[in-house]
Amino acid sequence: MIKVVVCGAYGRMGQEVIKAVSKESDMKVVGGIDVRGVGESILGVTIRDNLEAVIKETEPSAIVDFTRREPAIENIKTGVKNNVPVIVGTTGFTQEDLEELRKFIDANNGRVLIAPNFAIGAVLMIKCAELIAPFMDNVEIIELHHDAKIDSPSGTSIATAKAISERKQFKPAVQSSEARGKTVEGINIHSVRLPGLVAHQEVIFGALGQTLTIRHDSISRESFMPGVIYALRNIDKIKGLVYGLDRLLFPGGLVI
Numbered sequence: 072m073i074k075v076v077v078c079g080a081y082g083r084m085g086q087e088v089i090k091a092v093s094k095e096s097d098m099k100v101v102g103g104i105d106v107r108g109v110g111e112s113i114l115g116v117t118i119r120d121n122l123e124a125v126i127k128e129t130e131p132s133a134i135v136d137f138t139r140r141e142p143a144i145e146n147i148k149t150g151v152k153n154n155v156p157v158i159v160g161t162t163g164f165t166q167e168d169l170e171e172l173r174k175f176i177d178a179n180n181g182r183v184l185i186a187p188n189f190a191i192g193a194v195l196m197i198k199c200a201e202l203i204a205p206f207m208d209n210v211e212i213i214e215l216h217h218d219a220k221i222d223s224p225s226g227t228s229i230a231t232a233k234a235i236s237e238r239k240q241f242k243p244a245v246q247s248s249e250a251r252g253k254t255v256e257g258i259n260i261h262s263v264r265l266p267g268l269v270a271h272q273e274v275i276f277g278a279l280g281q282t283l284t285i286r287h288d289s290i291s292r293e294s295f296m297p298g299v300i301y302a303l304r305n306i307d308k309i310k311g312l313v314y315g316l317d318r319l320l321f322p323g324g325l326v327i
């Protein structure tokens, strides 16, 4: 039985994780952590605010974290110190955060997966963008999310830009700072935040006389759950800090 503690259990993603895990015959949610709703029950899981205490009481197989940057960093460290693998869907980490976490995780022989997007379709979109990149002249990214999302550009769009740049180095087609979005790895990223959206991204490639657009839409948070479940079943296959669900789905890298 895979025993799971959910951090951010009172939030929308946390509740979705509890529902998804509860449907699996080989998994069980044994704890829910949040600073909100302490003492309340979510699908039979009582919300508490002390992760370390819950770990010691329940001996979980893994922690799933959908919180915010600062608490996620502490939750990762707590999990690693207690020899519990951590699966993180929280975004907004800086490069310095990741470098510090990597050192801590390596020093404590931890296993942590941080994924900017758990939707399988979004991972495939990034892989498609990698495949297309060498054959096109330029590219821009438009990412659209709900109005409660704090970070921009999104972790998915940054991961997409970095993946593309590993295949080909681009420069912005227009050298201008006026309404051109944020440049990541030479690629302009445009962020939209509106009520009614969940998570959406377009990658638009351009070349002489043609464009090629790939788009992924998450129209409900259920779209992220197959990736979370897959990660729970495969987290023991990784060592140290692994960034991106694609590293689990495609351990051998991109195949053309």
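If you're matching positions, the sequence shown starts at 72 in my numbering and goes up one per residue.
Note that beta-carbon positions come from the ideal geometry of N, C-alpha and C, so glycine has one too.
Own chain partners of residue i with C-beta closer than 8 angstroms, once the 5 adjacent residues on each side are dropped
i: Gly86; result: It is Gln, not Gly, that sits at residue 86 in the sequence shown. Cβ neighbours of Gln86 beyond the five flanking positions: Ala80, Ile113, Leu114.
i: Arg292; result: Arg83, Met84, Glu87, Val269
i: Glu201; result: Ala234, Ile235, Glu237, Arg238, Leu325
i: Glu128; result: Gly102
i: Glu111; result: Tyr81, Thr117, Ile118
Neighbourhood of residue i by C-beta, 7 angstroms cutoff - its chain only, sequence neighbours within 5 removed
i: Ser93; result: Val100, Leu114
i: Phe191; result: Looking at the sequence shown, residue 191 is not Phe but Ile. Excluding sequence neighbours, Ile191 sits near Pro297, Gly298.
i: Thr161; result: Asp136, Phe137, Thr138, Arg139, Arg140, Ala143
i: Asp97; result: Met72, Ile73
i: Ala60; result: This structure cannot settle anything about residue 60, because the visible part of the chain is limited to 72 through 327.
Beta-carbon spacing of residue i, residue j below 9 angstroms
i: Val330; j: Val210; result: Because the chain is modelled from 72 through 327, residue 330 falls outside the range shown and cannot be assessed.
i: Leu279; j: Ala302; result: no
i: Asp218; j: Leu265; result: yes
i: Phe164; j: Gly226; result: yes
i: Ile203; j: Phe276; result: yes
i: Phe321; j: Lys198; result: yes
i: Asn179; j: Val151; result: yes
i: Ile260; j: Met196; result: no
i: Ile89; j: Gly103; result: yes
i: His216; j: His271; result: yes
i: Ile212; j: Ser236; result: no
i: Asn154; j: Leu122; result: no
i: Pro205; j: Arg251; result: no
i: Pro142; j: Val106; result: yes
i: Ile300; j: Glu95; result: yes
Cβ-heavy atom distance, residue i to the ligand FMN, below 8 angstroms
i: Ile176; result: This structure does not include the ligand FMN; it has no bound ligands of any sort.
Proximal residues to residue i (C-beta, below 6 angstroms), its chain only, five neighbours per side dropped
i: Ser262; result: Glu214, Ser223, Pro224
i: Asp177; result: Gly311
i: Arg304; result: none
Option nearest residue i by Cα separation, candidates the options
i: Ser132; options: Met72, Gln272, Arg140; result: Met72
i: Thr149; options: Cys78, Lys242, Val194; result: Cys78
i: Asn188; options: Gln281, Ser289, Ala200, Arg173; result: Ser289
i: Asp317; options: Val194, Ala91, Asp177; result: Val194
i: Pro243; options: Asp208, Gly267, Glu273; result: Asp208
> Is the number of C-beta pairs between the region 183 to 195 and the region 303 to 314 that are closer than 8 angstroms three or more?
Replying inline: yes
>> Can you confirm whether the region 161 to 169 touches the region 117 to 129 when touching is taken to mean that 3 or more C-beta pairs between the two stretches lie within less than 8 angstroms?
In response: no
> If you scan the region 85 to 121 from start to end, which runs of the alpha helix (DSSP H) of 4 or more residues do you find wholly inside it?
Replying inline: none
>> With three or more C-beta pairs closer than 8 angstroms as the rule, is the region 251 to 263 touching the region 218 to 234?
In response: yes
>> Extract the residue ranges of the alpha helix (DSSP H) inside the region 269 to 314, only unbroken runs of 4 or more that lie entirely within it.
In response: 296 to 305
>> At 4 residues or longer, what runs of the alpha helix (DSSP H) sit wholly inside the region 116 to 170?
In response: 122 to 129, 140 to 152
>> What ranges does the beta strand (DSSP E) occupy inside the region 195 to 269, keeping only unbroken runs of at least 3 residues that lie completely in it?
In response: 209 to 216, 253 to 255, 258 to 264
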